[in-house]
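Asks: Once you know that position 103 of the sequence shown is 103 in full-length UniProt numbering, the rest is easy, because the numbers rise by one and skip nothing.
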Amino acid sequence: MSAIRVEGLRVSLDGTPIVLGVDLDVERGEWVTVIGPNGAGKSTALRAIGGLLPFDGTVELDGSPIDRLHRRERAKTIATVAQSPVVPPGMRVFDYVLLGRTPYVPPLGRESANDLAVVEQVLEELDLTRFAGRRLDTLSGGERQRAFLARALAQGAGILLLDEPTSALDIGHQQEVLELVDRLRAERALTVLATMHDLTTAGEYADRMVLLAGGRVVAAGTARDVLTEENLAKHYRVRVRVIEGEHGPLVVPVRG
Ligand code: ADP
Ligand code: MG
């Protein structure tokens with residue numbers, strides 16, 4: 001069974017059609033990365049798949065249509081790290097990560113000892129324990145990205161949606177975060193659906209890629225299938241050289 005099955009996904013924002021019929025499957029434990037130029041509809045598609053936007057078409061998570069999952073159930077199945085997560089001002093890292101436990105807290109109830117223990121364990125796992133009492137807005141970009149991931153992990157969902165998890169980071173911290181996601185994927189048997197801009201890096205980490213342009217899937221398959229000079233020239237309007245690297249295609253922009 002697919003962890004994520006998307007068929008004929010259509011999403012409009014304020015009456016404007018943005019996602020125009022997307023099909024997409026992610027197997028359990030697989031990492032699929034959606035690439036595509038700015039404005040292609042990547043974030044919009046991801047938000048719909050995460051249950052954060054109304055849509056037409058089918059989105060199934062672990063075989064259940066997402067619109068039939070109660071909000072709490074959905075949150076225990078799928079966790080989203082947004083492109084620019086909203087950070088409550090002044091909030092401390094521990095309390096932020098604890099927000100991930102919201103679907104487990106009974107209405108009008110409080111977090112249980114187990115919720116606190118889960119948060120402590122996730123902080124430890126992501127090397128954030130020493131930041132637990134720090135205000136989130138005082139962290140560096142890499143530390144903050146780990147805190148965003150920590151909140152999503154504390155949610156205990158098997159499916160992780162990551163919208164440009166590395167865009168704000170230097171290459172060292174990009175690699176650190178992606179390696180971390182890959183390690184967690186193996187250890188926790190997570191399914192990952194991400195969007196990314198750095199094409200070479202995207203290809204290195206993804207099992208499969210989907211190229212989205214103008215709200216439609218225009219290419220899908222392995223990095224080698226998708227990251228071709230023709231595809232990138234056509235859909236990004238850029239001249240690139242694609243070089244065969246040790247771990248997959250290397251995409252190098254060249255001057256026209
Ligand atoms: P991506 O993540 O691929 O860069 P997005 O999903 O964020 O793309 O946005 C897709 C398109 O939707 C963009 O062209 C954006 O301008 C447009 N858009 C975003 N919000 C609205 C809105 N409220 N009404 C109409 N169009 C919107
Ligand atoms: Mg986006």
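In this text, a Cβ means the ideal position worked out from N, Cα and C, and glycines have one as well.
(1) Using the DSSP secondary-structure output, state which residues sit across from Met-209 in a beta bridge.
(2) Using DSSP with H/G/I as helix, E/B as strand and the rest coil, what is Thr-166?
(3) Can you name, in chain order, every residue of its own chain whose Cβ lies under 6 Å from the Cβ of Arg-74, other than the five neighbours on each side?
(4) Nearest CA to the CA of Val-122: which residue from Leu-180, Val-86, Ala-168, His-70?
(5) With a threshold of 8 Å, are at least 3 pairs of Cβ atoms found where one atom belongs to the stretch 200-217 and the other to the stretch 13-30?
(6) What is the DSSP secondary structure of Ala-194, counted as helix, strand or coil?
(7) Determine the direct distance from the alpha carbon of Pro-17 to that of Ala-194, and round the result to whole angstroms.
(8) Report the CB separation of Lys-42 from Ala-157 in whole angstroms; it is logged as a contact under 8 Å.
(9) Any residue with its C-beta under 6 Å from a non-hydrogen atom of ligand 1 counts. Can you list them all in chain order?
(10) State yes or no: is the C-beta of Thr-83 nearer than 7 Å to some heavy atom of ligand 2?
(11) From Arg-185 to Gly-248, what does the alpha carbon distance come to, in whole angstroms?
(12) Just the C-alpha distance for Gly-245 and Leu-162, rounded to the nearest angstrom, thanks.
Replies: From the atom records:
(1) Sequence index remark: in the sequence shown, residue 209 carries index 209 (1-based). According to DSSP, which records beta bridges pairwise, Met-209 is partnered with Thr-33, Gly-221.
(2) For the purposes of this step, residue 166 is taken as the residue at position 166 of the sequence shown. If DSSP states are grouped into helix, strand and coil, Thr-166 belongs with coil.
(3) Counting from one through the sequence shown, the residue named residue 74 turns up at place 74. So the list reads Gly-51, once near-sequence residues are dropped.
(4) Counted from its first residue, the sequence shown places residue 122 at position 122. Nearest of Leu-180, Val-86, Ala-168, His-70 to Val-122, Cα basis: Leu-180.
(5) yes
(6) In the sequence shown, counting from the first residue as 1, residue 194 sits at position 194. Reduced to three states, the DSSP call for Ala-194 is strand.
(7) As a first step, residue 194 is located in the sequence shown; it is residue number 194 there, counting from the start. As a first step, residue 17 is located in the sequence shown; it is residue number 17 there, counting from the start. So the two alpha carbons sit approximately 22 Å from each other.
(8) Counting from one through the sequence shown, the residue named residue 42 turns up at place 42. Counting from one through the sequence shown, the residue named residue 157 turns up at place 157. With 8 Å as the limit, Lys-42 and Ala-157 do not qualify as a contact, their Cβ atoms being about 20 Å apart.
(9) Leu-13, Asp-14, Thr-16, Ile-18, Gly-36, Asn-38, Gly-39, Ala-40, Gly-41, Lys-42, Ser-43, Thr-44
(10) As a first step, residue 83 is located in the sequence shown; it is residue number 83 there, counting from the start. For the sequence presented, residue 83 should be read as Gln rather than Thr. Because some heavy atom of ligand 2 lies under 7 Å away, the Cβ of Gln-83 counts as near it: yes.
(11) Locating residue 185 in the sequence shown gives position 185, where the first residue counts as 1. Locating residue 248 in the sequence shown gives position 248, where the first residue counts as 1. Using only the alpha carbons, I get a separation of about 20 Å.
(12) As a first step, residue 245 must be located in the sequence shown, where it is residue number 245. As a first step, residue 162 must be located in the sequence shown, where it is residue number 162. Distance between the alpha carbons of Gly-245 and Leu-162: 26 Å.
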